[in-house]
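Asker:
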């Protein structure tokens, strides 16, 4: 009888050890899977952070390039407008000077007599002396 209990005890010990070993193996497997998932998750998060950083850096570079282009366009626009105004001013001044010189030429100066002469030269005293 003792041998039976002894073998039953041994069998119970083997089954218990096997059950503990199975639980331990399951736990080890779960720990391996959890570690793998954790590591892969960290790698994915790190990759996502890298991609976000890359997108931010590229976006900032694009914004900086856009700002540079906008500044360049503004400066070029100011230069073009200033040049255009300079040319228009030069043309206006030169044509005005030419027109005035043409009006003041001796062949365009009329000598009026009588009351017409007084009326035409009231506002311009130099005409009074020149036409006198």
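Numbering (the numbering used here), first residue to last: 139 to 270.
Note that beta-carbon positions come from the ideal geometry of N, C-alpha and C, so glycine has one too.
Can you give me the C-alpha to C-alpha distance between residue 223 and residue 187, rounded to a whole angstrom?
Answerer: In the chain shown, the residue the question calls residue 223 occupies position 85. In the chain shown, the residue the question calls residue 187 occupies position 49. Their Cα atoms are separated by approximately 53 Å.
Asker: Distance, Cα to Cα, residue 139 vs residue 164?
Answerer: Numbered from its first residue, the chain shown carries residue 139 at position 1. Numbered from its first residue, the chain shown carries residue 164 at position 26. Here residue 139 scores only 49 on pLDDT, less than 50, and its place in the model should not be relied on; the value that follows carries that caveat. Taking the straight line joining both Cα atoms gives about 37 Å.
Asker: Counting only the same chain and skipping the five closest in sequence on each side, list residues whose C-beta sits under 6 Å from that of residue 156.
Answerer: Position 18 of the chain shown holds residue 156. Answer for residue 156: no residue qualifies.
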